[in-house]
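What follows is one structure encoded as structure tokens, with my remarks underneath.
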Amino acid sequence: MSSALPSIAAGLATDVGRVRQHNEDAALTAGNVYVVADGMGGHAAGEVASRIAAETVVELAGRPVIQVRDILAQVEEANRRILASAARHPEQTGMGTTVAGLALVSVGGSRHWAVFNIGDSRVYRCLDGRLSQVTVDHSEVWELVERGLITPEQAQRHPGRNVVTRSLGRDPMGVVDTWVFPPYPGEVFVICSDGLSNELTREEMEAVLADHPDAEAAAAELVRRGVAAGGRDNVTAIVVAVQGQDADSDVDEDTTPRENVNGSSGESRS
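Spelled out as structure tokens, the structure:
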């Protein structure tokens, strides 16, 4: 794999918000692995599920080389650990969590980003000042958006927006979607729970990134604005900024963003 490592800065912020009593989001960064998990199940159970998921995924950072299949295997391991914990503790029955993240992986001998998600936590990519959503929500309302029945703006306020169609904490858990592409100088990623994406528009998030080039400041401001806009859920964001660098010249031909799709029944978050 190319020895040239991109220079990366990351910032993380989270807030319980204005309505919830507990923060069921978990966010961790380690090495070049970044993950946000949004727990469901109420009370302590959601916090347990999201913590297990985040801690399990960032274990990947201890490996000298990560491949996409390693991410998928580690998310599956997180699901097994969540189910095992619920089996040992009946009060955790039914707990689950979303997972969304970013990791630097090896593809064809060169470094690429792998974006992954299951549930409705999101990863955005800001390139040349324009923010776009990389992930696809696994939710009932997003299926309505994709069918053209409602707009993304209407989805933010739809009464069924908390119903996810895939999550960890299930057997089987459903498919994890992945996208792979080479690093690009100056790009910025935002990994967030729906507590942020339900409160701020893409344009508002884009403006924050433009005004706050520092990753830590950007993450803090995104969360602050998410809470100020309503804070109806826990609000969590990780901002990952790729500093000026030379992208690998030996880019593998398999760089097309790719997605796996699979349907499953809906689950409503508490």
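All residue numbers for the sequence shown refer to the UniProt record's numbering, where the first residue is 1 and numbers rise by one. The beta carbon of each residue, even a glycine, is placed where N, CA and C say it ideally should be.
Gly94 sits away from Gly148, with the two beta carbons spaced by 9 angstroms or more. In the same chain as Asp15, and ignoring 5 residues on each side of it, the C-beta atoms closer than 6 angstroms to its own belong to Val223, Val227, Val235, in chain order.
The continuous beta strand (DSSP E) containing Asn117 extends over residues 110 to 118. Val107 has its alpha-carbon roughly 24 angstroms from the corresponding atom of Gly174. For Gln74, the uninterrupted alpha helix (DSSP H) run begins and ends at 68 to 88, by DSSP. Secondary structure of Met40 (DSSP, three-state): strand.
About 4 angstroms separates the Cβ atoms of Ala37 and Ala53, confirming a contact at the 8 angstroms cut-off. Only exposed fits Glu59, as fewer than 16 other CB atoms lie within 10 angstroms of its CB.
Beta-bridge annotation (DSSP): Ser132 is paired with Arg125. In the DSSP secondary-structure assignment, Ile238 is bridged to Leu12, Ile191. Buried is the label assigned to Ala237, since at least 16 other Cβ atoms lie within 10 Å of its Cβ.
Note that the stretch 70 to 88 does not touch the stretch 120 to 137; fewer than 3 beta-carbon pairs, one per stretch, sit closer than 8 angstroms. Bounds of the alpha helix (DSSP H) holding Ala217 are 215 to 228. Asp171 carries a coil assignment under DSSP once its states are collapsed to helix, strand and coil. Distance between Ile66 and Gly101, taken at the CA atoms: about 14 angstroms. Beta-bridge analysis with DSSP links Val35 to Leu28, Gly101. Annotation: Gly119 to Ser139 spans about 7 angstroms, alpha carbon to alpha carbon.
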